[in-house]
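**Student:** Please find one structure pasted underneath; my questions will follow.
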Amino acid sequence: MAVAIVPGVVGTEDTRLSVVRGNSASGKSSVAAGLREKFGRNLAIVGQDNLRRIVLRERDRPGGANIGLIDLTARYALDDGFHVVVEGILYADRYGSVLQDLVRAHRGVSRCYYRNVPYTETLLRHATKPDAEYLKHVIADHLRNWYGEKDLLPDGLETVIDPSSTLDDTIQQILHESGLAGWSRSTANDAARWKQRAACACCAIRPRSRRPRHPVVSAGQEIVRGDGRVSYTIVDTDCTLVAEADGFLRTCRAGTDRTYAYVLVDHLRWLRFAGLNTESVSLEDVRHYMAALGADYPGPFGLPWREGKRPYGHSALKTVAACLKGFCLHLGTHGVNPALAEALRVTRLPTRADRRRAMLGHVLHSMPANPLAPAERMRRHPKMLPEGAREALLVAVSCARGRMVVTWLADGGFRIGELCGLRLVDLHLREQAACGQCRGPHVHICHREDNANRARVKTKSPGRRRTAVVGRCAG
C-alpha cells in the first residue's frame, strides 16, 4: 500500500513540531505526556500506538495504513494552529521518508529526538508498566524482536538523548530547543497580568473554524447573562481573558460590542502574525493592517493577510477604523502605547453639517478625525429595490407571515432588526389605540436586550419610543 503525502507546506511560522522516537519502553509516551502537562492546551499528541493499535488495529508492517494516517493527523493539527508531538517506535525504514517530508514541509520550528535506551533498561522499564493485560501479551522476546540499536533517521536529523537523561531533563530539553518553553512562559505571564487587570467572565466557548489560514491567537466569545442579555469578549488560545480587549468592549454599547469583538480578533491575530503586540505597534503598522484589509495605501504594506478573500468595502473599513481608534485610545488611557494613542488624536475643521447637528454648533472650532478611516464618499441617494421587486416577492412567498414581512418592510420603513424585534405588545393595529400616541394603526419600536432572537434596534434609550404607521396586507 503506497503512502500518500499531502503536498505543500503545513502549519505556520508559530507552530512547533517535535518528533520523539525510540525503542519500546524507552519513555516516548511519558515524554509526550510531560510536554503536554508542562505546556498546557493547544498541543496535539500524535501517538503511533494509538493510531495503529487502537484506531486501525493494524500490525506494524511496511506500507501500513497507519503511516499515512500519522502524517495526515499531524498535518491537520499543524494547519489548525496546534503544536504537535509525534511519538512512537517509528522505524526509520518504514516511517523515515514520511517524517522527513513532514519536517521539510513544516513552516515553523521542527525538532526530532531519539531516546537511546539500552535493551536491559527497556526490560526494567517495561516491567513497571501499570497495564497488567499488556504485560501478559508482551514479553521479553517481543521486546528483543522490536529492539533496534540506534535506528536513526538519515542526514543527522535527530538529536540523540542519552540514557543518563532523566524524564524531566528530556522534557525541559525539548521545551527549550523547540521554543515551546517561550510560548508557555509568555502565556503564563500574560494570563497573570490579564487576571490582575480584569475579572474573568464565564462564557460559552464556540468551536473555531476547522482550517484557518493563520494561527488562531484569540477568539470572540459570547457571554449569555442570567437576564438573557448577550455580550461579547475575547479569550486567547488557552481560554484566558484578553483583558485589554475585554476592557474596551465593556465600554461599547450592545450590538456594537459584537461587531467590534470580531474586528479585534482579526487585528490581534494580525499582530501575532506580524510579530507585534499592543505595546509595540505604531500608527504606520496599523495603516499597513488597514491596507491588508483593502484600504488605499501608497506603497507596499507587507505580507498578504486575507489571501483568497474579497477586500473590505468602504463601510466595513470605516467600522474597522472606528474600532481600532477606540481600542488604541482606550489602551492609551491605561498607559499602554501612549504614543499611538496620541498619534490618533487628530482633529479637523467642522463642516456645516457638523454645526447643524451639534448643540452650540456655532462655537465649534474642531471635530475629532480618524487617520485610519477611508476618504468619505458622496452618496447621492439610498439604495432602493428595483422596480417591481415588491410584487415579485409577494408572489414568491408562500405564507401570510412572509407577505406581512414584505409589506411592512416596504410600507413602514422598518429596519430588519426593528421588524424582527417586534412583540405583540408593540402592535397597535386598531384605530384609537389605548396608548394615545397615534390615532391610526401603528407599532412601537423599542430597544430591548432580552429578545429571544437577539434582534436589536437603533433606538438605545429604553424610555424612547418611535411609531411607524403601517398599511394592511392581503392574505
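full-length UniProt numbering puts the sequence shown at residues 1 to 475. In this text, a Cβ means the ideal position worked out from N, Cα and C, and glycines have one as well.
1) Taking only runs of the alpha helix (DSSP H) that begin and end inside the stretch 337-390, which ones reach a length of at least 4 residues, in chain order?
2) Judging by CA-CA distance, which residue of 425, 392, 318 and 414 is the nearest neighbour of residue 377?
3) Give the straight-line distance between the Cα atoms of residue 298 and residue 291, rounded to the nearest whole angstrom.
4) Count the other CB atoms, across all protein chains shown, that sit within 10 Å of the CB of residue 106; report buried if there are 16 or more and exposed otherwise.
5) Just to confirm, is the Cβ distance from residue 278 to residue 337 under 8 Å?
6) Could you check if residue 447 is buried or exposed, using at least 16 other CB atoms within 10 Å of its CB as the buried criterion?
7) Pick helix, strand or coil for residue 232, following the three-state DSSP scheme.
8) Tell me the DSSP secondary structure of residue 24 in three-state form.
9) Starting from residue 110, trace the beta strand (DSSP E) in both directions and tell me its first and last residue.
10) Please go through the same chain and pick out, in chain order, the residues whose beta-carbon is closer than 6 Å to the beta-carbon of residue 258, but skip the five residues on each side of it.
11) Does the stretch 360-375 come close enough to the stretch 300-307 to have 3 or more Cβ pairs within less than 8 Å?
12) Taking the alpha carbon of residue 18 as the reference point, which residue from 64, 429 and 114 has its own alpha carbon closest?
13) Quick check on the burial criterion: 16 or more other C-beta atoms within 10 angstroms. Buried or exposed for residue 342?
14) Considering only residues of the same chain and omitting the five flanking positions on each side of residue 103, which have a CB-CB separation below 6 Å?
15) Using CA coordinates, which residue listed in 92, 311 and 223 is at the minimum distance from residue 157?
16) Cβ atoms of residue 316 and residue 372: under 8 Å apart, would you say?
17) Quick one: measure Cβ to Cβ for residue 314 and residue 374, integer angstroms, because I've assumed they're closer than 8 Å.
18) Report the option in 359, 265 and 66 whose CA atom is closest to the CA atom of residue 323.
19) Pull up the distance between the alpha-carbon of residue 118 and that of residue 274, whole angstroms please.
20) Taking all protein chains shown into account, do 16 or more other C-beta atoms lie within 10 angstroms of the C-beta of residue 357, making it buried, or fewer, making it exposed?
21) The alpha helix (DSSP H) spanning residue 267 covers which residue range?
22) Can you tell me the Cα-Cα spacing of residue 438 and residue 280, whole angstroms?
23) Run the CB neighbour count on residue 61, radius 10 Å, all protein chains shown included, and call it buried at 16 or more, exposed below.
24) Less than 6 Å between C-beta atoms, sequence neighbours within five positions excluded: which residues of the same chain meet that for residue 207?
25) For residue 193, collect the residues of the same chain with a Cβ closer than 8 Å to its Cβ; drop the 5 residues on either side in sequence, then sort them by chain order.
26) Are the Cβ atoms of residue 10 and residue 87 separated by less than 8 Å?
27) Would you check if the distance between the CB atom of residue 167 and the CB atom of residue 30 is smaller than 8 Å?
28) Could you tell me if residue 284 is buried or exposed, where buried requires 16 or more neighbouring beta carbons within 10 angstroms of its beta carbon?
29) From the DSSP secondary-structure annotation, give me the bridge partner or partners of residue 237.
30) Between which two residues does the beta strand (DSSP E) containing residue 43 stretch?
31) Going residue by residue through the stretch 150-189, where are the continuous alpha helix (DSSP H) segments of at least 4 residues, counting only ones entirely within it?
32) Determine the burial state of residue 70: buried for a count of at least 16 other Cβ atoms within 10 Å of its Cβ, exposed for fewer.
33) For the alpha helix (DSSP H) that residue 286 lies in, which residues bound it at each end?
34) Does the Cβ-Cβ distance between residue 90 and residue 84 come in under 8 Å?
35) Please state the DSSP three-state secondary structure of residue 223.
**Tutor:** According to the structure shown:
1) 338-344 and 352-357
2) For the purposes of this step, residue 377 is identified with residue 377 of the sequence shown, where counting begins at 1. Among 425, 392, 318 and 414, the Cα nearest to that of residue 377 belongs to 318.
3) For the purposes of this step, residue 298 is taken as the residue at position 298 of the sequence shown. For the purposes of this step, residue 291 is taken as the residue at position 291 of the sequence shown. C-alpha separation (whole angstroms): 9 Å.
4) In the sequence shown, counting from the first residue as 1, residue 106 sits at position 106. So residue 106 counts as buried.
5) If you number the sequence shown from 1, residue 278 lands on position 278. If you number the sequence shown from 1, residue 337 lands on position 337. Yes.
6) Position 447 of the sequence shown, counting from 1, holds the residue named residue 447. Result: buried.
7) Here residue 232 refers to the residue found at position 232 when the sequence shown is read from its first residue. Note: residue 232 maps to strand in three-state DSSP.
8) In the sequence shown, residue 24 corresponds to position 24, counting from 1. Residue state, collapsed to three classes: coil.
9) Taking the sequence shown and counting its residues from 1, one reaches residue 110 at position 110. Residue 110 -> beta strand (DSSP E) spans 109-115.
10) Residue 258 sits at position 258 when you count from the first residue of the sequence shown. Only 232 meet the Cβ criterion.
11) no
12) By 1-based counting over the sequence shown, the position of residue 18 is 18. In terms of Cα proximity to residue 18, the closest of 64, 429 and 114 is 114.
13) Translated into positions along the sequence shown, residue 342 becomes position 342. Under this definition residue 342 is an exposed residue.
14) Your numbering for residue 103 matches position 103 in the sequence shown. Taken in chain order, the residues that qualify are 110.
15) Sequence index remark: in the sequence shown, residue 157 carries index 157 (1-based). Ranking 92, 311 and 223 by Cα distance to residue 157 puts 92 first.
16) By 1-based counting over the sequence shown, the position of residue 372 is 372. By 1-based counting over the sequence shown, the position of residue 316 is 316. It is not a contact, given that the beta carbons lie outside the stated cut-off.
17) Sequence index remark: in the sequence shown, residue 314 carries index 314 (1-based). Sequence index remark: in the sequence shown, residue 374 carries index 374 (1-based). Taking a contact as a CB-CB distance under 8 Å, the pair residue 314 and residue 374 counts as one, their CB atoms being some 6 Å apart.
18) The residue you call residue 323 lines up with position 323 of the sequence shown. Nearest C-alpha to residue 323: 265.
19) Looking up residue 118 in the sequence shown gives position 118. Looking up residue 274 in the sequence shown gives position 274. Across the structure, residue 118 and residue 274 are spaced so that their CA atoms are roughly 46 Å apart.
20) Within the sequence shown, residue 357 is the residue found at index 357, counting from 1. The residue in question, residue 357, is exposed, as its Cβ has fewer than 16 Cβ neighbours within 10 Å.
21) To locate residue 267, count along the sequence shown from 1; it is residue 267. Residues 256-273.
22) Taking the first residue of the sequence shown as position 1, residue 438 is located at position 438. Taking the first residue of the sequence shown as position 1, residue 280 is located at position 280. Straight-line Cα distance between these residues: approximately 57 Å.
23) Here residue 61 corresponds to residue number 61 of the sequence shown, with the count starting at 1. With fewer than 16 other Cβ atoms inside 10 Å of its own Cβ, residue 61 counts as exposed.
24) Residue 207 sits at position 207 when you count from the first residue of the sequence shown. Low confidence applies to residue 207: its pLDDT is 34, below 50, so where it sits in the model is not reliable, and the reading given next is rough at best. Cβ neighbours of residue 207 beyond the five flanking positions: none.
25) Against the sequence shown, residue 193 aligns to sequence position 193. Caution is warranted here: a pLDDT of 39 is assigned to residue 193, below 50, making its placement in the model unreliable, and the coordinate value is therefore given only provisionally. The residues are 243.
26) As a working note, residue 10 is residue 10 in the sequence shown. As a working note, residue 87 is residue 87 in the sequence shown. Contact flag unset, no.
27) Translated into the one-based positions of the sequence shown, residue 167 becomes position 167. Translated into the one-based positions of the sequence shown, residue 30 becomes position 30. In contact: residue 167 and residue 30 (Cβ atoms closer than 8 Å).
28) Taking the first residue of the sequence shown as position 1, residue 284 is located at position 284. Per the 10 Å Cβ criterion, exposed.
29) Against the sequence shown, residue 237 aligns to sequence position 237. According to DSSP, which records beta bridges pairwise, residue 237 is partnered with nothing at all.
30) Taking the first residue of the sequence shown as 1, we reach residue 43 at position 43. That run of the beta strand (DSSP E) goes 43-47.
31) 167-178
32) In the sequence shown, counting from the first residue as 1, residue 70 sits at position 70. It counts as buried.
33) Along the sequence shown, one-based indexing puts residue 286 at 286. Per DSSP, residue 286 is one residue of the alpha helix (DSSP H) stretching across 283-293.
34) Taking the first residue of the sequence shown as position 1, residue 90 is located at position 90. Taking the first residue of the sequence shown as position 1, residue 84 is located at position 84. Cβ atoms of residue 90 and residue 84: not closer than 8 Å.
35) Here residue 223 refers to the residue found at position 223 of the sequence shown. The three-state secondary structure of residue 223, taken from DSSP, is strand.
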